[in-house]
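Mapping of the sequence shown onto this note's numbering: position 133 corresponds to residue 199, and the numbering continues sequentially without gaps.
Yeah, the Cβ is synthetic: ideal placement off N, Cα and C, and Gly gets one too.
Owing to the predicted nature of the structure, the values given are computational and were not obtained by experimental measurement.
Remarks on the structure that follows.
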Amino acid sequence: CSDTIPLDAEIESLESSLNTLDSEGLKHLEASPISTDSGFNQIDIEKDCEYEELKLDHQIGKSEMDLKLLQIQSISMQRDEEIWQLQSLVSGPKVLEFKDNCLRVLPKAPILTSECVILGQKLDCVVDSSVSDHELLIEVDEGSMELNKVQVLS
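So, in structure tokens, the structure goes:
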């Protein structure tokens with residue numbers, strides 16, 4: 067999904083900022099030891115660093131959650147699209163049930179008139195009606211949406 071790429075980059079940027087903040091805070095502490103005069107100022111600097119670190123941690127967590135939600139949504143949309151394409155392949159089906167990764171349909175086969183030429187010829191004829199006497203149970207792999215099983219039910 068195209069929305070996940072900017073989130074990945076944002077997470078990397080936030081993690082880099084967090085690492086920079088950690089290393090700068092450590093360098094600052096080593097460079098200026100706490101004295102009695104500047105002790106309160108040093109504590110304020112440390113608190114500011116901790117606050118910035120917490121803010122960045124929160125932003126990283128939020129961005130990671132947004133990324134996961136977008137990935138789940140993308141998978142769900144892809145699955146719905148592929149199921150719809152599968153439904154479209156069956157001629158005039160009546161969908162009886164759609165649950166998880168299974169689709170139960172009642173396909174309709176056309177009953178052709180006697181003047182239809184079938185063997186290797188173009189069909190120029192009238193369809194009298196349609197008949198449905200079997201159900202199909204179609205199961206697909208939830209991850210890849212590849213066909214797992216097709217079962218004909220009487």
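Spatial neighbours of Asp-166 within its chain, please: C-beta separation below 7 Å, excluding the five flanking residues on both sides.
Within the same chain, Asp-166 has no close Cβ partners at all.
Taking C-alpha atoms, which residue in Asp-114, Leu-133, Lys-113 lies nearest to Glu-76?
Closest by alpha carbon: Leu-133.
In angstroms, rounded to a whole number, what distance separates the CA positions of Leu-119 and Gln-144?
First, the residue type needs correcting, since residue 119 is Glu and not Leu in the sequence shown. Distance between the alpha carbons of Glu-119 and Gln-144 is about 37 Å.
Three-state secondary structure (DSSP) at Glu-112?
Glu-112: helix per DSSP, three-state reduction.
With DSSP as the reference, identify every bridge partner of Ile-204, one or two as the case may be.
Paired residues: Leu-169, Val-216.
I need the DSSP call for Lys-174, collapsed to helix, strand or coil.
Lys-174: coil per DSSP, three-state reduction.
Using the beta-carbon count (16 or more within 10 Å), is Gly-186 buried or exposed?
Note on Gly-186: pLDDT 47, under 50, position unreliable in the model; the coordinate value appears next. It counts as exposed.
So what's Tyr-117 in DSSP terms, helix, strand or just coil?
Three-state result, Tyr-117: helix.
For Glu-208 and Leu-219, which I take to be in contact (beta-carbon distance under 8 Å), what is that distance rounded to the nearest angstrom?
22 Å between Cβ atoms; not a contact.
With a 10 Å radius around its C-beta and 16 neighbouring C-beta atoms as the bar for buried, classify Ser-142 as buried or exposed.
So Ser-142 counts as exposed.
Can you say whether Val-171 is buried or exposed, counting buried as having 16 or more other CB atoms within 10 angstroms of its CB?
Classification for Val-171: buried.
Please determine whether the Cβ atom of Ile-141 lies at a distance below 6 Å from any heavy atom of the ligand MN.
Of the ligands one can find in the structure shown there are none, so the ligand MN has no counterpart to examine.
Could you tell me which residues DSSP pairs with Glu-163 in its beta bridges?
Answer by DSSP bridge pairing, in chain order: Arg-170.
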